[in-house]
Amino acid sequence: MKATLHNKNILLGVCGGIAAYKSAELVRRLQDAGADVRVVMTSGATEFITPLTFQALSGNPVHTDLLDTQAEAAMGHIELARWADLILIAPATANTISRLASGRADDLLSAVCLASHSKIAIAPAMNHVMWSSSVTQQNINLLQQRKAVILGPASGMQACGEKGEGRLLEADELVAACSQLFKQGLLQGVSVMITAGPTHEPIDPVRFIGNRSSGRMGFAIAEAAVEQGAIVTLVAGPVQLTPPLHVTQINVETALQMQQAVMKHIAEQDIFIATAAVADYRPLDAQTQKIKKTGADLTLSLTPNPDILSEVAALDNPPFTLGFAAETQHVKDYALQKLKQKNIHMIAANQVAHEDQQDTGFNSEYNALQIFWQGNGQGGEQTLERCRKTELARQLLTLLAKQYYA
Ligand code: PMT
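Quick look at the structure:
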């Protein structure tokens with residue numbers, strides 16, 4: 472895998488944190504993998520480790536100042552930005568993450584990032600409370616939306632003496648992750664349609680039946696599929712998420728609209744991934760005027776919605792189908808039942824509304840999945856442990872690609 476870094480130009484951004492000492496080892500490991508490494512240090516980083524260390528290790532001058540005329544004359548920030556195939560920031564502090572998220576360009580590292588078309592990989596390292604703070608998480612989300620790749624952090628004992636998430640990944644893990652970024656996509660040129668979010672089934676003009684789906688799982692899969700080179704169509708129910716880049720997004724409200732949008736474009740798809748929490752029922756007679764309160768009991772009659780996933784799987788020439796199953800109990804049994812009943816290739820089951828499943832699944836940044844597949848006479852299963860949906864989506868697509876090409 473390391474061969475993919477051969478002859479790659481990697482600009483390593485080092486920020487001011489105690490983990491900066493690990494970046495010295497990282498330079499060596501990147502070189503071992505065949506990369507040419509140049510280092511940009513923030514002023515904070517120079518308080519922890521000297522530029523001389525990186526100069527000796529990388530064999531290249533180290534860049535620290537944006538407004539240094541001599542350095543700019545040799546290789547200025549624009550040249551550095553153009554030179555890099557990948558900008559890897561390790562360790563990335565909360566401060567640098569925040570500067571990048573807000574588009575600052577008043578130090579060399581942030582200016583290079585802003586001026587570069589290259590991929591940016593960010594390996595955060597900080598105290599676990601700083602990492603989990605909502606502002607850092609918002610900045611991370613923003614950077615991910617702009618296609619930055621977030622590597623880690625790992626969890627464990629921290630320099631502050633506390634335990635938690637916020638440790639810099641080890642040098643070997645970072646090198647492996649960087650190699651992945653230069654691989655040809657697993658789904659290069661493959662057409663993938665994804666449904667995401669809830670559906671809203673109108674009762675009257677101001678009320679609806681809905682559910683707690685945020686759309687995050689489906690949007691994360693759409694982004695991961697783009698990363699893997701897929702041509703992605705996202706059919707999204709009513710969600711509050713920023714449309715992913717390089718994705719054709721079709722917005723719908725109801726299950727019937729979702730069905731119509733899916734069936735209109737399904738013939739062009741190689742893979743169909745049904746992440747949406749589609750309402751199983753809709754009010755039989757949605758009222759055109761607001762229902763008035765009378766004080767008497769009110770009964771709503773519901774009628775079943777079409778099952779979009781089953782309909783796709785039943786086509787004469789169906790795409791490869793991956794369904795989701797949100798279950799509160801007997802997860803494996805129910806998921807396997809759905810796999811067979813809907814006659815799909817794979818199913819990703821998540822346990823929801825369980826007391827052990829805090830901040831997981833519906834309307835969370837995190838999820839955990841049990842995947843089952845039918846295969847050619849030989850089915851299989853794999854568990855994907857709880858992690859951010861963005862990371863989980865990548866793991867899920869790796870599994871899916873194996874089955875798709877099998
Ligand atoms: O959106 P998030 O907040 O990120 O949350 C993600 C999630 C929990 C919604 C997601 O991981 C998930 O589990 N989605 C499926 C939820 C669900 O409604 O499952 P189900 O067991 O009811 O449906 C089974 C499968 O059939 C699903 O793939 C569903 O999209 C599909 N289906 C269901 C009913 C229907 N009428 N049409 C369908 O296509």
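Numbering (our numbering), first residue to last: 472 to 877. Ideal Cβ positions, reconstructed from N, Cα and C, are used throughout, including at glycine.
The ligand PMT never approaches G681 closely enough for any of its heavy atoms to be under 7 Å from the residue's Cβ. D804 has its Cβ no nearer than 7 Å to any heavy atom of the ligand PMT.
Shown here for Q758: same chain residues with a beta carbon closer than 8 Å to its own, the five before and five after excluded, namely I674, D675, P676 in chain order. Counting only the Cα atoms, I621 lies some 8 Å from L614. Counting only runs of 3+ residues, no beta strand (DSSP E) is found wholly inside the segment 532 to 561. Within the segment 691 to 733, the complete beta strand (DSSP E) segments of 3 residues or longer fall at 702 to 707, 718 to 722, listed in chain order. When DSSP states are grouped into helix, strand and coil, E836 belongs to the coil group. Around the beta-carbon of A767, fewer than 16 other beta-carbon atoms lie within 10 Å, marking it exposed. At a Cβ-Cβ threshold of 8 Å, L580 and T564 do not count as neighbours. Between the segment 637 to 648 and the segment 578 to 596, the count of Cβ pairs shorter than 8 Å is three or higher; the stretches touch. Cβ contact annotation for M601 (same chain, cutoff 8 Å, sequence separation greater than five): A565, T607, G637, in chain order. One Cα belongs to F795, the other to Q812, and the distance between them is close to 13 Å.
DSSP, reduced to helix, strand and coil, places K590 within a strand of the structure shown. Here E636 is bridged, per DSSP, to S626. Apart from the 5 residues on each side of it in sequence, Q740 sits with its Cβ closer than 8 Å to the Cβ of S662, V663, M664, T704, P790 in its chain, given in chain order. DSSP places D503 in the helix class (H, G or I) of the three-state scheme. The beta carbon of V498 sits closer than 8 Å to the beta carbons of L483, V508, V510, F525, L528, S529 from its chain, once the five residues preceding and following it are set aside; these are given in chain order. Short of 6 Å from the beta carbon of K493, and not among the five residues preceding or following it, lie these beta carbons of its own chain, in chain order: L639. The segment 679 to 694 makes contact with the segment 833 to 844; the number of CB pairs closer than 8 Å reaches 3 or more. Per the C-alpha coordinates, the member of I489, Q502, D787, A495 positioned closest to K479 is Q502. Per DSSP, I520 is not a residue of any alpha helix (DSSP H), being assigned neither H nor E. I489 and H477 have their alpha carbons spaced roughly 29 Å apart.
Take the alpha-carbon of P777 and the one of T670: they are about 13 Å apart. Counting every other CB atom within 10 Å of its CB across the protein chains shown gives K735 a total below 16, marking it as exposed. Nearest C-alpha to E518 among A495, H534, G487: G487. Take the alpha-carbon of Q808 and the one of I702: they are about 31 Å apart. With 16 or more other CB atoms across the displayed protein chains lying within 10 angstroms of its CB, G547 is buried. Within the same chain, Cβ atoms closer than 8 Å to the Cβ of Y752 are found at E672, I680, L773, T774, P775, N776, the five residues on either side in sequence being excluded. V663 is bridged by DSSP to V703, I742.
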